[in-house]
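Per the numbering used here, the sequence shown runs over residues 2 to 440.
This report concerns only the one structure given below.
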Amino acid sequence: MKRIYIKTWGCQMNEYDSFIIKKVIKKKIKCKITKKYKKADILILNTCSVREKAQEKLFHQLGRWKKLKHKNKKIIIAVGGCVANQEGINIYKRAPYVDIIFGTQTIHKLSNMIVENYKTRNLLINTKLIGLKKFNYYSYKKQTNIKSYITIMEGCNKKCTFCIVPTTRGKEISRSYKEIILEIKHMVQNNIKEIILLGQNVNSYFYKDKKNGYICKFSKLLYKISEIEEIQRIRFITSHPKDFNNEIINLYKKIPKLVNFLHLPIQSGSNKILKLMKRGYNIKKYKNIVNKILKIRPNMQISSDFIIGFPGETKKDFYKTKKIISEINFDNSFSFIYSKRPNTYANKLLDNTTLEEKKIRLHKIQKMISYQTMQWNRKMIGTIQNVLVHNKNNNFSKKLIGTTENNRTVCFNGNENTIGKIVPVKITKMKRKYFEGNI
Ligand code: SAM
Ligand code: F3S
Numbered sequence: 002m003k004r005i006y007i008k009t010w011g012c013q014m015n016e017y018d019s020f021i022i023k024k025v026i027k028k029k030i031k032c033k034i035t036k037k038y039k040k041a042d043i044l045i046l047n048t049c050s051v052r053e054k055a056q057e058k059l060f061h062q063l064g065r066w067k068k069l070k071h072k073n074k075k076i077i078i079a080v081g082g083c084v085a086n087q088e089g090i091n092i093y094k095r096a097p098y099v100d101i102i103f104g105t106q107t108i109h110k111l112s113n114m115i116v117e118n119y120k121t122r123n124l125l126i127n128t129k130l131i132g133l134k135k136f137n138y139y140s141y142k143k144q145t146n147i148k149s150y151i152t153i154m155e156g157c158n159k160k161c162t163f164c165i166v167p168t169t170r171g172k173e174i175s176r177s178y179k180e181i182i183l184e185i186k187h188m189v190q191n192n193i194k195e196i197i198l199l200g201q202n203v204n205s206y207f208y209k210d211k212k213n214g215y216i217c218k219f220s221k222l223l224y225k226i227s228e229i230e231e232i233q234r235i236r237f238i239t240s241h242p243k244d245f246n247n248e249i250i251n252l253y254k255k256i257p258k259l260v261n262f263l264h265l266p267i268q269s270g271s272n273k274i275l276k277l278m279k280r281g282y283n284i285k286k287y288k289n290i291v292n293k294i295l296k297i298r299p300n301m302q303i304s305s306d307f308i309i310g311f312p313g314e315t316k317k318d319f320y321k322t323k324k325i326i327s328e329i330n331f332d333n334s335f336s337f338i339y340s341k342r343p344n345t346y347a348n349k350l351l352d353n354t355t356l357e358e359k360k361i362r363l364h365k366i367q368k369m370i371s372y373q374t375m376q377w378n379r380k381m382i383g384t385i386q387n388v389l390v391h392n393k394n395n396n397f398s399k400k401l402i403g404t405t406e407n408n409r410t411v412c413f414n415g416n417e418n419t420i421g422k423i424v425p426v427k428i429t430k431m432k433r434k435y436f437e438g439n440i
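This is the structure we're talking about:
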């Protein structure tokens, strides 16, 4: 019985990949997953390279594992994910104790690679971008007893000048809608009520059936999913504003199961910076999308990603970002200091803002967004929210726990037979990390 330790960096898609890795390995190798890396026989690192000095972080991590391998030569160290795609053999050159290097699209091959490595003890590398075969090798990711993620597409055909994803995850490929629906139906049998569609550019989903030419776009896919009776809520991350067309906007009229919460990254409030980023939209277009959605769903809350200190961002550009944050009244958003990524166009742009200044700017907008999030929270007190009941609640005095459409946790007293259902809850109190309410 081998003990396997898996460390995952990055977004939900990486988490999802690690889930597949566990499933695939368990099928082939007699093993159990351990949380104690010092006790593991096989150490797996699933990396992310979107931000930070990912390579440095990787070699620090490997340095720690090297000591274990020094004591026990039988240990296998495998590195996968975006940094593996980006660096390939260079990882081995700098850390020759690594045994396996696998990519974002070859995770399903890892179990065979482990078996082979046990036999030969030779370095094995496979970081080819071979499409979506990995999805054929697992069942699905169950996140809680009620909601679950499902990857519907991978990769990206856009070329944002700051982003490494098109290199590490390759071109956009969409999974077959039939496969997606089948998987969701399987989830439903396991009590899943809320589904979160994942993809680098989820609204670029486009599947063409090779046999009959049938085309399924994102809007059609959403319809199909909404027709599954047991599914009560649908979310999706991440959408790109450039492709957020009227067809998708109008779905908010037609599909009540789509939640009143949308993550739509704007990145910057300055048209000059958006152009340098090659985002393919300007502030006017972004505001247009939001206004159209708000007309249909006045209670819609929008969140975003922001990149602060992109090369060329002046104080005036930064001011524009602050302005748009307040105008759109963004809820809970992610913001990061621009990080240079290898072989990206933005690398060549002149960047004369100091890191200190960038940190100050980041702090300012994070404070703004936290304040706005708090205001959104305050506004909820006294309102009646649709709460999807997740579970019994053992940690608090209130008996049940659920989530609102805008992803807030609510605790309240009620009957356990409401678990899995959406119930109206009047919000009475705001605590630090959750709300209290009455059904
Ligand atoms: N496709 C999505 C979109 O267009 O908004 C985003 C996918 S990207 C992997 C996730 C987020 O990481 C981006 O929205 C951006 O804010 C951030 N990001 C990507 N590259 C970055 C970089 N070089 N420096 C800082 N943040 C970055
Ligand atoms: Fe990256 Fe832009 Fe695609 S942020 S994932 S290149 S849409």
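Positions of the beta carbon are idealized from the N, C-alpha and C atoms, including for glycine.
- Going by DSSP, V291 is part of the alpha helix (DSSP H) stretching over I284 to I297.
- When secondary structure is reduced to three states using DSSP, F237 falls in the strand class.
- With respect to the 7 Å criterion, E180 and C157 are not classified as neighbours on the basis of their beta carbons.
- Rounded to whole angstroms, the separation of the alpha carbons of S175 and I131 is 13 Å.
- Nearest C-alpha to S336 among T322, N86, K316 and Q367: Q367.
- A straight line joining the alpha-carbon of I197 with that of S240 spans about 12 Å.
- At least one heavy atom of the ligand SAM lies closer than 6 Å to the C-beta of Y339.
- Between the ligand SAM and the CB of R4, the shortest heavy atom gap is not smaller than 6 Å.
- By the criterion of a C-beta distance shorter than 7 Å, Q233 is surrounded in its chain by K194, E195, K258, L389 and I423, once the five residues flanking it on both sides are discounted.
- For the pair I229 and K186, the Cα-to-Cα distance works out to about 8 Å.
- Fewer than three Cβ pairs drawn from the segment 36–56 and the segment 146–162 lie within less than 8 Å of each other, which leaves the two stretches out of contact.
- Short note on N247: C-beta not closer than 6 Å to any heavy atom of the ligand SAM.
- Distance from the C-beta of V166 to the nearest heavy atom of the ligand SAM is below 6 Å.
- Under the 10 Å beta carbon count, N330 is surrounded by fewer than 16 other beta carbons and is classified as exposed.
- Here K74 is actually not in contact with T107; their C-beta atoms are around 25 Å apart, not less than 8 Å.
- Taken in chain order, the complete alpha helix (DSSP H) segments of 4 residues or longer contained in the segment 200–231 are 219–227.
- Here DSSP, grouped into helix, strand and coil, assigns D306 to strand.
- For the pair H71 and T169, the Cα-to-Cα distance works out to about 31 Å.
- Q268 sits in a strand when the DSSP states are folded into three classes.
- Spatial neighbours of N378 in its own chain (CB-CB distance under 6 Å, excluding positions within 5 residues in sequence) are listed in chain order as M431.
- With a threshold of 16 other beta carbon atoms within 10 Å, K218 meets it and is buried.
- Three or more beta-carbon pairs separated by less than 8 Å link the segment 8–18 to the segment 44–51, which places the two stretches in contact.
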